[in-house]
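In short: position in the sequence shown from 1, add 1439, done, that's our numbering. For glycine and all other residues, C-beta sits at the position ideal for the given N, C-alpha and C. Read the structure below first, then the notes.
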Amino acid sequence: MRRASLSVALIVAATVLTAPQAQAAPVCAGAGHAPVLVADVGEPIEGAIVDGQGRMYVTVTASNRVLRIDAPGAPPVPVASVPGPGALAIAADGSLLVGYGTDASVLVGDSARPGKIGRIDVATGALTPLASGLSAANGMAVASDGTIYATNDFGQLVGRVLPNGVVQPEWARVPSANGAVLDANYLYVARTFVNPGVTRIPLANPGAPESMVNFGPIDSPDGLTLDGRGRPVVPLNVPGQVVRVDPGGVCQLVGGLMFTSAVTYGHGSGGFSAGRLFAVGFTGTVHEIIGG
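This is the structure:
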């Protein structure tokens, strides 16, 4: 969800849905534990990612910064100043990518296209621009070949940036596409404000997006990820749940986390380590989700 106003989610009407609604989801097997608070940065968090060394990076739009948290319980450390930071991603070479340039113009949809993507030198904080002219980069995912995908939850365009730097701002269309994550065949996006749910876009046929699940009209799904079995894990802002989309339906990993903006898995052997699921939120907190 965009930082302009959390209350937007409460007044956006959803269109009529054809797939089953994800309502009253049962608790996933092995889940349902109380979330564990592991960090608090003191201001709303928009995006998060963990690098190969188990360090978490988060974007905070109120102060236009990227912060690093070295391990659960460690204090946040400023890394870079970035105007209008949004999504984060780790490139195949291990470098940190950030979507930025977000301003009030995103509220008009796809016409202004202020979205940019850059690479951050985490040692110096230097920001190197890589692409511009995108509708936004509120959600972002990067493929192993360096192709980058970016979304705008107030528009419908999903942009693509090729490894040679060519920007394709109209690669696909999914109204209110938000969080983004890739596997070998699909780009998965959360639909936040319009027809809330999850869509997967075939990389080989982006003109034929497939709805996987529909949520309630004010659930506001946000920055999703995939678990180790390729199943979407999705935070629902307003009900305060994190759910998993299984082939046979939806189950709940945790409740009681209001305004979760993104979920991400850990990496590496230390810090925010591999196999652990973390949720960040507009409350400024980072929680571990046990059993996720």
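- Straight-line measurement puts the Cα of R1507 at about 15 angstroms from the Cα of G1720.
- About 11 angstroms separates the Cβ atoms of V1652 and L1663, ruling out a contact at the 8 angstroms cut-off.
- When DSSP reads this structure, P1608 sits in no beta bridge, so it has no partner.
- Our two residues, P1511 and S1544, have alpha carbons roughly 36 angstroms apart in a direct line.
- If you draw a straight line from the Cα of P1522 to the Cα of A1623, it is about 32 angstroms long.
- Per DSSP, the continuous beta strand (DSSP E) segment holding L1536 begins and ends at L1535 to Y1539.
- Nearest in C-alpha terms to V1725, of all of H1472, D1490, N1644 and Y1496, is Y1496.
- By the neighbour-count criterion, in which a residue is buried when 16 or more other Cβ atoms sit within 10 angstroms of its Cβ, G1710 is buried.
- Looking at A1629, F1593, V1613 and Q1607, the one whose alpha-carbon comes closest to that of A1570 is Q1607.
- Taking 8 angstroms as the upper bound for CB-CB distance, V1702 and V1681 are in contact here, some 6 angstroms apart.
- Separation of S1615 and P1514 (C-alpha to C-alpha, rounded to the nearest whole angstrom) is 34 angstroms.
- Rounded to whole angstroms, the separation of the alpha carbons of D1661 and L1675 is 6 angstroms.
- In the displayed model, L1716 falls within a strand according to three-state DSSP.
- With respect to A1526, G1486 sits close: the two C-beta atoms are nearer than 8 angstroms.
- DSSP lists P1671 as the bridge partner or partners of L1665.
- Residue H1472 holds the alpha-carbon nearest to the alpha-carbon of G1695 among A1468, H1472 and P1465.
- Sorting T1500, T1699, D1509 and A1531 by C-alpha distance to the C-alpha of S1520 places T1500 at the top.
- Contact between A1580 and V1613 does not hold, since the beta-carbon distance rounds to 13 angstroms and is not under 8 angstroms.
- Pairing A1582 with P1602, the inter-Cα distance amounts to about 10 angstroms.
- By the Cβ-count criterion, G1646 is exposed, with fewer than 16 other Cβ atoms from all chains shown falling within 10 Å of its own Cβ.
- As a beta-bridge residue in DSSP terms, S1520 pairs with R1504.
- Between the C-alpha atoms of P1524 and V1505 there is a straight-line separation of about 8 angstroms.
- Burial of D1592 is indicated by the presence of at least 16 other C-beta atoms within 10 angstroms of its C-beta.
- Looking at V1605, G1636 and E1649, the one whose alpha-carbon comes closest to that of G1655 is G1636.
- Boundaries for E1482: no beta strand (DSSP E) harbours it, and the DSSP string shows neither H nor E there.
- Beta-bridge partners of T1567 (DSSP): R1558.
- Considering only L1476, G1554 and G1585, the residue with the shortest C-alpha distance to A1531 is G1585.
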